[in-house]
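Enquirer: I am attaching a structure below and will ask some questions about it afterwards.
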Amino acid sequence: MAHRSDQDRIKKTRNVPRFFVENPQVSWVLLVGVLVWGWFGYHSMPQRKDPDIPVRVAVASCSWPGATAQQLEQFVTRPIEDAVAENKTIHPGTAADYGIRSVSIPGYAYVYVQLAEDVSDVKRQFSDINLKLDALNSQLPSGAGPISFQSDFGDTAALMLTIASPKADSVEINIRAREIQSAIRAARAAKNYKEQGAPVTVVYSFPQSLSSNKTILDAAQLFEVQAEQAGIIRAPQVILGSGFIAVDGISTADDAAIHSFIQTFFQRQLQRSELHPDAWEPIVIRDPQETPALLAKVAGDKYSYADLDDFSDLIARTVQGAPETSKVERRGLLPQVVYLEYSQDRLAAYGLQPGALGSVLRARNIIAPGGAFETGQQQIILNPSGEFENIDAIGNVAVSTSSSGAPVYLRDLVEISRGFQSPAQYLNYYTWEDPKGQWQRCRSVTLAIYMRDQRQIATFGQSVDRKLAQLKKILPPDLIIAHTSDQPLQVKENIHLFLRALYEAIILVVVVSLIGFWEWRLALIMALAIPITLGMTFGVSYMLGIDLQQVSVATLIIALGLLVDVPVVAGDGIKRGLAAGLPRDIAAWLGPTKLATAIFFATLTNIIAYLPFLMLTGNTGEFLRSLPIVMTAALLCALVVAMTFVPLLGYYIQRPPKKKELTVEEKRQRGFYGFYNRLVGRAIQHRWLVLAGSFVFLLFGGLVASHLKQQFFPEDVQYWFYLDIWLPNDVTLTATNDAAMKAEQVVRQVVEGSAKTVPNEESGKHLLTSITSFIGGGGPRFWFSISPEAPQTNYSQVIVQVSDKEATPKLIGPLQAALNKQVPGAWITVRQLQTNPVETPVEILIAGQADTDPRTEIQDIQTLRTLASQVMNAFRQSPGVAVLRADWAPDSPQVKIEIDPDRANLVGITNADVANSSAAAISGAPVGTFKEGDKNIPIVARLRPQDRAQLLQIKSLYVYSSRQDTRVPLLSVATVKNIPETGRIRRREHFRTISILCFPAPGVLASEVLGPIESKLKDLQNSLPPGYQLQIAGEKAKQDDGFMNLAVVLLISLVGIYLALLVQFKNAVKPLLVFAAAPYGAIGALIALAIMGTPFGFMAFLGVASLIGVIVSHVIVLFDFIEEMHEKGEPLERALPDAGIERI
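Everything in the sequence shown is counted per this note's numbering, starting at 18 for the first residue and increasing by one.
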């Protein structure tokens, strides 16, 4: 590579650096234009937290009330899977990723579908699947369906607002207390107790609208009888007041015994889940003067679920009006229901069947046009009445006549009450600290607000805040509106991190330049080059359609270290030219020109090191897509700045040195340069020994690298973390809520305990900010890597927010240990938010492909469970396991009604009659709709609470014939058995699959848990029965795929760099010499990971791959100096250290 003389260049060169120096007015205008362009690009780029990745995941759900998991699997889940599989773009199923997976639980089936990673027209494919599922609806069993297909399942909420009710205030408590006190004193005064014992009153408070509810009075009278029979309360009397009912009497039992009896009564006679949600917990009053204090301890929420429905609806419609908002979803609503609770004997006395109530109401409750007629030029529409205007109108419907001919109204046969879904299926609670420092757990509704594409999330957050400010005068002032997930805050912090890194980079460059060159002028040029380069980068990125999100911001932070290299080399070239005596107007462009080839190829190698990352496939590739684009743009912009604005700035800022620069010969003898010269000289002299020593270093580094811990992606440090709480399949929502409450108490103890002596320094607040709980299913997708769980009563998700995100990793370990100890019977996993696309760190899949015959399904399920048990036993021997469970969970008890067809036929009863009668009596049957405003409130008929409370009551059910007006006892046509059943069946790629899910203890990596038992898993895999297979999924499968993709990218980068060097050097051997330096840098990076205790993962692999490009780019510039020295006549042994001296 020949080098031209300076005089020849000055005479013949006409290039960009010379133009910018010789035409300063044009150059300064362009510089200002670049800065304005960069400012515009920065403020116009769409801003979001995460890269915009096409959502290729959807879920199809279908209900079949009363069906078992096995029935749903056979007749609903499998047909849905087959219909979905007809689409040709489904993702191929592997251990790392699924194409189709499903879960069947009693009453519901959920089928998840994932499209292939190369599908671009996602909406079209999901539309095709939806059409196939619509056609399947007509083939489903009676009572099943319709199928609901949610194609936006993978959307991530940009903001979560939780609307919560505060507790009832002192005014309401005092009003209630005065009425209760007055009633107790009057009752005790009227009845002079002569029995031995202290007066006691059990008070149950509820909304005033329920004061005339006969069911409550019946329950109180039943409590009165049973309390006296149990000896808890003697001489009891019922007190009915406005908004409360009480039982007063004499008792020698203490408060704990009375409360225990109350809870037992509720559980056996009423079921806790069926208590009105606006009712308060019962209290035991001995001295009426204590009533206000006792009520304050059990005070319920101030606003009802109906109020929260109205408030959240208003907020949702208002926020939807923000220009940046795409959609708003509400979670945690408790549906309103009008219940018709009946007695079988009462209806039978009038010859009515429960199913007949629907036809009676439908004939009365109509919305039908009455026609229209014209009179003159006017048209008049007839609007016949008939729609129920209020609840009383439902009771006024005549359903029969008495023996005397008088009409019998519905209110005479059933108890009509307006309430909420009972038992509830999904609830939302918000725990916060009130002004008194007390933690309150309140009912809530959460809004998931989604942002439109190509919008700035900061503007989105401001628009939402403005909309909320508009509602302040309309909403109650004490209504809680909390940001329980806040992407605008996270993006703001990411940008703040970048700006801080920018300031630090500029300061560091100035300091290093001052130390290295010992002059402020060159340091100033370097400091100015960074913002100019970034400004140009922002402009280019904006034109390329790049979002400002966590990956692009991280890329800019990484790029700050590379952007300086080229301007430093160009500035050093100007400095050397001035030192050689060249005029400023010549040195300013000649210095960068002489190094232009080396600078270009150094930049090119860096670009080639990053650009192949565009070839990464799948969601990981799309997640990182902006990294190579932004990095390439930044490196090219740095090259442009070095060849344009650095010469311009050098001309105005740089000055010839006041002291004569030392020659190379003088540098060889002085200070650090002398030491370096001697060191390199001896290394060349003993090159074979040094080479052998370097090989030893590489071997040592390889040995260290082989012992590095492995982690696919690092966990993210945020203000939020969450708990996954699982209970056995057969538990009620009430039991799940109880477990969640216990977990919340543990969270408060651990979090506040760890910060008791050290409050948050920045805000002065406690470490714990809030707890948001979703009971009966997952919350909205508030983090891109978290897949919300489907609705199911045995699951809850608890989201914890803290004021100091740096404390989050420190809380995970103590909290997991405390939960394992203090919440028995539940599988609770404390999860830190993560960039990792893996749902479960360690997962083993056991699939049974032998379920070809329905008659052997019990044996197939048992085999799967046996194999899963063996895997779990192996994991129990591995250290560091925090939570271990199988995702099917143990069998659940179910009541099986075996119908005798002969006896049933004799009395005109069909199997459908038995199923319909039991379902209607226990769960309730819809018989109509009550319309109120824009709400459609279902009217449901069901047995009275006391008839539904116990399993024994099932045996006293009557079955109504659909073919004739008869009813028979259930036991006359069927037998009732209690048998264990599989309550959850999961499938993957069309076959039953049990997943063993293992979560390592905090501080333990997934690879450390899996490593010790891999050999045992392989032995088990080799001994599996025919038709069964075992796969290692989870992080390991994802990591293997990711590393394979990265290895291909790295190979392409190396080939590309080699070809670039081949073009530069026009020699096939020299590029190999350049590459020879790369292994030392890579090994150095791996040793640094080991010293810092950092695991080797995807991001470390990416960093090492990128490091190779950086090393090569520096070696290229060094080679240029070596060849220049060699061309001047220096022998190679002398040119090598001299070039190093010049480059240091």
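All residues carry an ideal CB built from backbone N, CA and C; glycine is no exception.
Exposed or buried, what is M543 when buried is set at 16 or more other beta-carbons lying within 10 Å of its beta-carbon?
Expert: Here residue 543 refers to the residue found at position 526 when the sequence shown is read from its first residue. So M543 counts as buried.
Enquirer: Cutting at 6 Å between CB atoms, please list the residues of its own chain near Q818, excluding the five before and the five after it.
Expert: Position 801 of the sequence shown, counted from the start, is the residue given in the question as residue 818. Once the five neighbours on either side are set aside, the close Cβ partners of Q818 are Y736, W737, T786, S787.
Enquirer: Pick out whichever of A596, V557, A597, A619 has its Cα sitting closest to the Cα of P584.
Expert: Sequence index remark: in the sequence shown, residue 584 carries index 567 (1-based). Considering only alpha carbons, the answer is A619.
Enquirer: Quick one, which of R959, L1106, I180 has its alpha-carbon nearest S723's?
Expert: Start at 1 with the first residue of the sequence shown, and residue 723 comes out as number 706. Ranking the options by Cα distance to S723, first place goes to L1106.
Enquirer: For the alpha helix (DSSP H) holding T789, just list the boundary residues, first then last.
Expert: The count along the sequence shown starts at 1 and reaches residue 789 at position 772. No alpha helix (DSSP H) contains T789, which is instead part of the beta strand (DSSP E) from 785–792.
Enquirer: State the start and end residues of the unbroken alpha helix (DSSP H) segment that holds R460.
Expert: Counting from 1 along the sequence shown, the entry for residue 460 is found at position 443. That residue, R460, is in no alpha helix (DSSP H); its beta strand (DSSP E) goes 456–468.
Enquirer: If you draw a straight line from the C-alpha of V1121 to the C-alpha of Q728, how long is it?
Expert: Working through the sequence shown from its first residue, we reach residue 1121 at position 1104. Working through the sequence shown from its first residue, we reach residue 728 at position 711. Using only the alpha carbons, I get a separation of about 15 Å.
Enquirer: Which residues share a DSSP beta bridge with Q1046?
Expert: What you label residue 1046 is simply residue 1029 of the sequence shown in a count that begins at 1. Beta-bridge pairing links Q1046 to A864.
Enquirer: Check for me: the beta strand (DSSP E) holding S119 runs from which residue to which?
Expert: Mapped onto the sequence shown, residue 119 falls at position 102. Residues 117–122.
Enquirer: Starting from the C-beta of F278, find all residues in its chain whose C-beta is less than 6 Å away, skip the five residues before and the five after it, and write them out in chain order.
Expert: Here residue 278 is taken as the residue at index 261 of the sequence shown, counted from 1. The answer, listed in chain order, is I249.
Enquirer: With which residues is E450 paired in a DSSP beta bridge?
Expert: Mapped onto the sequence shown, residue 450 falls at position 433. The beta-bridge partner set that DSSP reports for E450 consists of W456.
Enquirer: Starting from the Cα of I1104, find the closest Cα among T751, A626, G719, V734 and give me that residue.
Expert: For the purposes of this step, residue 1104 is identified with residue 1087 of the sequence shown, where counting begins at 1. Answer by Cα proximity: G719.
Enquirer: By how many angstroms is the C-alpha of E769 removed from the C-alpha of P776?
Expert: To locate residue 776, count along the sequence shown from 1; it is residue 759. To locate residue 769, count along the sequence shown from 1; it is residue 752. Reliability fails at P776, whose pLDDT of 49 lies under 50, so the model's placement of it is uncertain and the value that follows must be treated cautiously. Rounded to the nearest angstrom, the two C-alpha atoms are 9 Å apart.
Enquirer: For E1052, count neighbouring Cβ atoms within 10 angstroms of its own Cβ and tell me buried if that reaches 16, exposed if not.
Expert: Numbered from 1 along the sequence shown, position 1035 holds the residue referred to as residue 1052. Per the 10 Å Cβ criterion, buried.
Enquirer: Would you tell me roughly how many angstroms separate the C-alpha atoms of R458 and L374, rounded to the nearest one?
Expert: For the purposes of this step, residue 458 is identified with residue 441 of the sequence shown, where counting begins at 1. For the purposes of this step, residue 374 is identified with residue 357 of the sequence shown, where counting begins at 1. Distance between the alpha carbons of R458 and L374 is about 40 Å.
Enquirer: If you run the structure through DSSP and keep just helix, strand and coil, what is K28?
Expert: Working through the sequence shown from its first residue, we reach residue 28 at position 11. K28 falls in the helix class under three-state DSSP.
Enquirer: Please classify W56: is it buried, with 16 or more other beta-carbons within 10 angstroms of its beta-carbon, or exposed?
Expert: For this step, residue 56 is matched to residue 39 along the sequence shown. Classification for W56: exposed.
Enquirer: Which residue wins for smallest C-alpha separation from N407, given the options K948, L1153, R695, Y975?
Expert: Counting from one through the sequence shown, the residue named residue 407 turns up at place 390. Of the listed residues, the one whose Cα sits closest to N407 is K948.
Enquirer: Do I954 and L378 have their CB atoms nearer than 8 Å?
Expert: By one-based count along the sequence shown, residue 954 stands at place 937. By one-based count along the sequence shown, residue 378 stands at place 361. Going by C-beta atoms, I954 is not nearer than 8 Å to L378.
Enquirer: In three-state DSSP terms, what is L901?
Expert: The residue you call residue 901 lines up with position 884 of the sequence shown. Here L901 sits in strand by DSSP.
Enquirer: Name the residue from Q766, V840, A834 whose alpha carbon lies nearest to the alpha carbon of A752.
Expert: Residue 752 sits at position 735 when you count from the first residue of the sequence shown. Of the candidates Q766, V840, A834, the one whose C-alpha sits nearest the C-alpha of A752 is V840.
Enquirer: Using three-state DSSP, classify K684 as helix, strand or coil.
Expert: As a first step, residue 684 must be located in the sequence shown, where it is residue number 667. Correct three-state label for K684: helix.
Enquirer: Can you tell me which of the three DSSP states S1070 falls into?
Expert: By 1-based counting over the sequence shown, the position of residue 1070 is 1053. Per DSSP, reduced to three states, the secondary structure at S1070 is helical.
Enquirer: In or out: Y520 buried (at least 16 other Cβ within 10 Å) or exposed?
Expert: Indexing the sequence shown from 1 puts residue 520 at position 503. Looking at its Cβ environment, which holds fewer than 16 other Cβ atoms inside 10 Å, Y520 is exposed.
Enquirer: At a cut-off of 7 Å, would you count H500 as near the ligand GTP, judging by its Cβ distance to the nearest heavy atom?
Expert: As presented, the structure is devoid of all ligands, the ligand GTP included, so that no description of it is given.
Enquirer: If you measure between the beta carbons of T173 and R798, is that distance less than 8 Å?
Expert: Numbered from its first residue, the sequence shown carries residue 173 at position 156. Numbered from its first residue, the sequence shown carries residue 798 at position 781. Going by C-beta atoms, T173 is nearer than 8 Å to R798.
Enquirer: Rounded C-beta distance between I12 and L89? I'm assuming under 8 Å.
Expert: Outside the modelled stretch of the chain, which goes from 18 to 1161, sits residue 12, for which no answer is possible.
Enquirer: Below 8 Å CB to CB, which residues in the same chain sit around P1029 once its five sequence neighbours on both sides are set aside?
Expert: The count along the sequence shown starts at 1 and reaches residue 1029 at position 1012. Hits under 8 Å: Q894, S895, P896.
Enquirer: With H, G and I counted as helix, E and B as strand and the rest as coil, what does DSSP make of E1147?
Expert: By 1-based counting over the sequence shown, the position of residue 1147 is 1130. Coil at E1147, not helix or strand.
Enquirer: According to DSSP, V355 sits in a beta bridge with which residue or residues?
Expert: For this step, residue 355 is matched to residue 338 along the sequence shown. Bridge partners of V355: R435, I956.
Enquirer: Is I146 near V128, with beta carbons less than 8 Å apart?
Expert: By one-based count along the sequence shown, residue 146 stands at place 129. By one-based count along the sequence shown, residue 128 stands at place 111. It is not a contact, given that the beta carbons lie outside the stated cut-off.
Enquirer: Under the DSSP definition of a beta bridge, which residues are partnered with M177?
Expert: Counting from 1 along the sequence shown, the entry for residue 177 is found at position 160. For M177, which the question treats as bridged, DSSP gives the partners A465, S502.
Enquirer: Tell me the rounded alpha-carbon separation between Q306 and Y467.
Expert: Along the sequence shown, read from residue 1 onward, the residue named residue 306 stands at position 289. Along the sequence shown, read from residue 1 onward, the residue named residue 467 stands at position 450. Each residue's Cα considered, the two are about 52 Å apart.
Enquirer: CB-CB under 7 Å to G794, same chain, minus the five flanking residues each way: which ones, in chain order?
Expert: For this step, residue 794 is matched to residue 777 along the sequence shown. A distance below 7 Å between beta-carbons, with the five flanking residues on each side excluded, links G794 to the following residues of its chain, in chain order: Y443, E806, A807, P808, Q809, Y812.
Enquirer: Give me, in chain order, the residues of the same chain whose beta-carbon lies closer than 6 Å to that of L862; leave out the 5 immediate sequence neighbours on both sides.
Expert: On the sequence shown, residue 862 is found 845 positions in, with the first residue counted as 1. Within the same chain, L862 has close Cβ partners T1010, S1012, Q1048, A1050.
Enquirer: Taking the alpha helix (DSSP H) that I591 belongs to, which residues open and close that run?
Expert: As a position in the sequence shown, residue 591 is number 574, starting the count at 1. Its alpha helix (DSSP H) spans residues 582–596.
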